[in-house]
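Engineer:
2 protein chains.
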Amino acid sequence: MVDKLQPLLVLGPPLILPILEAQYFHKYSFLKAFSSELPLHQFLSKQNVDPSSIQAILCNPLQQVSADVLRLLPSVSIIVTTSAGTDHIDLAQCSCLGIQVVCVPGDQADDVADMAIGLLIDVMMKISAAYRHFSKWGPSRPSNLYFGSKLKGRRVGIVGLGKIGKKVAKRLEALDCRIMYHSRNEKPFITYPFYSNVVDLARNSDVLVLCCPLNEQTRRIVNREVMLTLGKDGVIVNVGRGALIDEKELVRCLMEGEIRGAGLDVFENEPTVPKELFPLDNVVLSPHAATLTSDNFTEVCELAAEALEVFFSSKLPSVPLLDD
Amino acid sequence: MVDKLQPLLVLGPPLILPILEAQYFHKYSFLKAFSSELPLHQFLSKQNVDPSSIQAILCNPLQQVSADVLRLLPSVSIIVTTSAGTDHIDLAQCSCLGIQVVCVPGDQADDVADMAIGLLIDVMMKISAAYRHFSKWGPSRPSNLYFGSKLKGRRVGIVGLGKIGKKVAKRLEALDCRIMYHSRNEKPFITYPFYSNVVDLARNSDVLVLCCPLNEQTRRIVNREVMLTLGKDGVIVNVGRGALIDEKELVRCLMEGEIRGAGLDVFENEPTVPKELFPLDNVVLSPHAATLTSDNFTEVCELAAEALEVFFSSKLPSVPLLDD
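Protein sequence lines, in the order shown, are assigned to chains A and B.
Take 1 as the starting number for the first sequence in UniProt numbering and just add one per residue.
Take 1 as the starting number for the second sequence in UniProt numbering and just add one per residue.
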């Protein structure tokens, strides 16, 4: 049957896969490289798949699509990723090879902004920290364990005032926070104070919310200096990408109280999370889940299917692919 | 020394007590009934305190100040509670006996509204649920465990559109939710749809947020009928008082999936929390902590001290109470 189906290499398990597979089993042969521990070329060989037969890759943001991977697959012409970011894909190599990269994140900016606010409230009001100690809760509850901080009036520095950053700002306004921002350039028509570098932003903020894309300019934009400048009362929320922060330094600062707390939906080496973070009461962790709403799920599924459909129908207009 | 100090009966440990005690040890004898397992009259007798010497009570919302308690203490003239609500105090009895009740909650409406939003985002986006399973997180993470729901566009019914309810509404607007409400009467100048009963509100809502005071009209205002009407996709957030909900029915509905989830900062018999709630992934629990911010803490401390000061100075203008 496989020879009648288009091979679709699935690198990293996009969460939409089960639905996509149920809907398109008659159209694509889903090559689930992620489910094997073998290196890719061995996996394909074991599946009797000729690497040069593969034209399309489906991936999620947790899976690196490196030049090495692309070299193995000389016919790949499209990569569909269920993410807004493309930092996991070697774009330079794709450009050289004429590979089209299609992002189908769904309409997730609202969800990411909601996650940022959820994490911020949680860290500031210590919801998760209290929850962890809940079983001990009683008349003898420790008197200061749960003391959180008012959000009202806090100075929040947004790093990256794009589509998501603006939605974060809108929500922070409703919380009566004072908003300032850093981005590549000062935005026209925006009245929030602009800081051209993140250290200055940190100096004037109680909280930093990171929601910019990851690229060479923004990698580790929050380094030890930024964290020490933010200071012992400072909180960091990251809903962008893990590598926006120097994660080792973040762990150290959190453990040593150099900053007060953090709410993290993203990590440098996902799905790995620094194990030191788990026992910390000043940290709230979320598994890159901001966009994992069932509403997005349906939308992403449709968009990914459509992107593949358009690609294959334009590539091979005369070859019947359907099995029935 | 005790005879030179004003006895202050502390019923339930207000979290401000350590600071208040440090500041006023020379003025008040803090009778910490909460720290003893003895019945109140035995506790006082063991402390060699004549019950009729007690004029003032300091309490928190977790401690019932019943008619029985007041009968033991014939000279009580003031109750200072570190809460906005007075449902834990027998107000009718206070009124008969001419006892003044002073609430010193601090400026907490913003914090309670923030807690409501934090709990709502957590339940909808399953932050705590994902966190609990975080240690299992990896490439093999269960594909639908974390699927939350978009907040954007959800219909949120607010029960009680007072000071807190309005602040909740303001935040929900920033989240692009659709707002409607129930309260005793329709509010002038408010354009959100009004429902004169909670069942109708539930029928038209995806989420109910409870932030009204507890009184005989609102006790168990969310009963089984309301929950079944809200339905299997419905979420309840309670930052008001535990007894606004029929808690037994709530537990049953959550366990049986009759409603989808709940975020609870308050419980019917605090500090007791129904033990069935702890293992549920569709529930986020917080230990009545909405107002426990360090900013409020300072304010409440000052207000409580001031209330006692004013009372004692007006009651006993000529008796020197200071020990120095």
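We put the beta carbon where it would ideally sit given N, CA and C, even for glycine.
1) Secondary structure at residue 325 of chain B, three-state DSSP: helix, strand or coil?
2) Spatial neighbours of A/ARG132 within its chain, please: CB distance less than 8 Å, with the 5 preceding and 5 following residues excluded, ordered by chain position.
3) Applying the 10 Å Cβ sphere with the 16-neighbour rule, what's the burial state of B/SER313?
4) For B/THR293, go through chain A and note every residue whose CB falls closer than 9 Å to its CB, in chain order.
5) Just to confirm the assignment, what range does the beta strand (DSSP E) spanning residue 325 of chain A have?
6) Within this structure, are the beta carbons of A/LEU254 and A/VAL237 separated by less than 8 Å?
7) Starting from B/GLU173, find everything on chain A with Cβ-Cβ shorter than 7 Å and list it in chain order.
8) Could you check if A/LEU38 is buried or exposed, using at least 16 other CB atoms within 10 Å of its CB as the buried criterion?
9) Can you list the residues of chain B that A/GLY118 reaches, using a CB-CB cut of under 7 Å?
10) Quick one: Cα of B/LEU31 to Cα of B/VAL49, how far?
11) Can you check the region 192-228 of chain B for any alpha helix (DSSP H) of at least 4 residues that lies completely inside it and give the ranges in chain order?
12) Per the DSSP calculation, B/TYR24 is bridged to which residue(s)?
13) Taking 8 Å as the CB-CB limit, is B/MET115 close to chain A?
14) Exposed or buried, residue 388 of chain A, counting other C-beta atoms within 10 Å across all chains shown (16 or more means buried)?
15) Can you pull the chain B neighbours of A/PHE297, defined as C-beta to C-beta under 8 Å?
16) Okay, do the region 110-118 of chain B and the region 160-175 of chain B touch, 3+ Cβ pairs below 8 Å being the bar?
17) Consult DSSP for A/THR293 and reduce its assignment to one of helix, strand or coil.
18) Considering only C-alpha positions, which residue in the set A/PRO14, A/PRO274 and A/ASN215 is nearest to A/PRO105?
19) Let's test the definition: count the other Cβ atoms within 10 Å of the Cβ of B/LYS46 and tell me whether it reaches 16, buried, or not, exposed.
20) Would you call the CB atoms of A/SER75 and A/ILE54 closer than 8 Å?
21) Using 8 Å for Cβ pairs, my map puts A/GLY160 next to A/CYS212. What's the rounded Cβ distance?
22) Contact check, B/ARG12 vs B/LEU214 under 8 Å by CB: the rounded distance?
23) Considering only the beta carbon of each residue, do A/GLU247 and A/PHE267 sit closer than 8 Å?
24) Under 7 Å Cβ-Cβ, which residues of chain B neighbour A/LYS166?
25) Would you check if the distance between the CB atom of B/VAL222 and the CB atom of B/ILE190 is smaller than 8 Å?
26) Would you kindly check if the distance between the Cβ of A/MET227 and the Cβ of A/LEU201 is under 8 Å?
27) Does the separation of the CB atoms of B/LEU151 and B/MET124 fall below 8 Å?
28) Looking at chain A, is there any beta carbon in it that lies within less than 8 Å of the beta carbon of B/ASP206?
29) Tell me the DSSP bridge mates of residue 347 of chain A?
30) When the Cα of B/HIS26 is compared with those of B/VAL10, B/LEU5 and B/HIS41, which residue comes out closest?
31) Does chain B have any CB closer than 8 Å to the CB of A/ALA289?
32) What is the rounded straight-line gap between the Cα of A/LEU9 and the Cα of A/LEU58?
33) Within the same chain, show all residues whose beta-carbon is closer than 8 Å to that of A/GLY138, passing over the 5 residues directly before and after it, in chain order.
34) Nearest to B/GLY234 by CA position, among B/SER149, B/CYS94, B/TYR28 and B/PHE43, is which residue?
35) State the Cα-Cα distance for the pair A/LEU72 and A/SER36, rounded to the nearest angstrom.
36) Hey, how far is the Cα of B/THR82 from the Cα of B/GLY153?
Structural biologist: According to the structure data:
1) Nothing can be reported for residue 325 of chain B: it is not among the residues displayed for chain B, which extend from 1 to 324.
2) Within the same chain, Cβ atoms closer than 8 Å to the Cβ of A/ARG132 are found at ASP281, the five residues on either side in sequence being excluded.
3) Its Cβ having fewer than 16 others within 10 Å, B/SER313 is exposed.
4) Think of a sphere of 9 Å around the beta carbon of B/THR293: the chain A residues whose beta carbon falls inside it are MET124, MET125, PHE147, GLY148, SER149, LYS150 and LEU151, in chain order.
5) In the structure displayed, chain A extends from 1 to 324; residue 325 of chain A sits before or after that span and is not available.
6) Their beta carbons are not under 8 Å apart, which means A/LEU254 does not touch A/VAL237 by this criterion.
7) What B/GLU173 touches in chain A, judged by beta-carbon distance under 7 Å, is ALA174, going in chain order.
8) That one is exposed.
9) What A/GLY118 touches in chain B: GLY118, ILE121, ASP122, MET125 and ILE127.
10) When rounded, the distance between both Cα atoms is 9 Å.
11) Listed in chain order, they are 198-203.
12) Answer by DSSP bridge pairing: none, since B/TYR24 is not bridged.
13) Yes, because at least one Cβ of chain A sits closer than 8 Å to the Cβ of B/MET115.
14) Nothing in the structure corresponds to residue 388 of chain A, since chain A is present only between 1 and 324.
15) Going along chain B in sequence order, the residues near A/PHE297 (Cβ under 8 Å) are PHE147.
16) The region 110-118 of chain B is in contact with the region 160-175 of chain B.
17) Note: A/THR293 maps to strand in three-state DSSP.
18) The residue from A/PRO14, A/PRO274 and A/ASN215 with its alpha-carbon nearest to that of A/PRO105 is A/PRO14.
19) Under the 10 Å beta carbon count, B/LYS46 is surrounded by fewer than 16 other beta carbons and is classified as exposed.
20) In contact: A/SER75 and A/ILE54 (Cβ atoms closer than 8 Å).
21) Taking the Cβ atoms as the reference, A/GLY160 lies roughly 3 Å from A/CYS212, within the contact range of under 8 Å.
22) The sequence shown places Gly at residue 12 of chain B, not Arg. Wrong, their Cβ atoms sit about 17 Å apart, outside the cutoff.
23) In terms of Cβ geometry, A/GLU247 and A/PHE267 form a close pair [threshold 8 Å].
24) Listed along chain B is no residue with a C-beta nearer than 7 Å to that of A/LYS166; the closest approach is about 12 Å.
25) B/ILE190 is positioned such that its CB atom lies no closer than 8 Å to that of B/VAL222.
26) Result no, Cβ atoms of A/LEU201 and A/MET227 do not sit closer than 8 Å.
27) Cβ distance < 8 Å, so B/LEU151 and B/MET124 count as in contact.
28) No, its Cβ sits nowhere closer than 8 Å to a Cβ of chain A.
29) Residue coverage of chain A in this structure runs from 1 to 324, which leaves residue 347 of chain A outside it and unanswerable.
30) A check of alpha carbon separations from B/HIS26 across B/VAL10, B/LEU5 and B/HIS41 identifies B/LEU5 as the nearest.
31) Chain B, which has a Cβ nearer than 8 Å to the Cβ of A/ALA289, makes this yes.
32) CA-CA distance, A/LEU9 to A/LEU58, rounds to 6 Å.
33) For A/GLY138, the predicted structure reports a pLDDT of 48, less than 50, and the residue's modelled location is therefore unreliable. A value from the coordinates is still provided. Cβ neighbours of A/GLY138 beyond the five flanking positions: none.
34) Relative to the Cα of B/GLY234, the nearest Cα in the group B/SER149, B/CYS94, B/TYR28 and B/PHE43 belongs to B/SER149.
35) Those two C-alpha atoms are separated by around 17 Å.
36) Approximately 37 Å between the Cα atoms of the pair.
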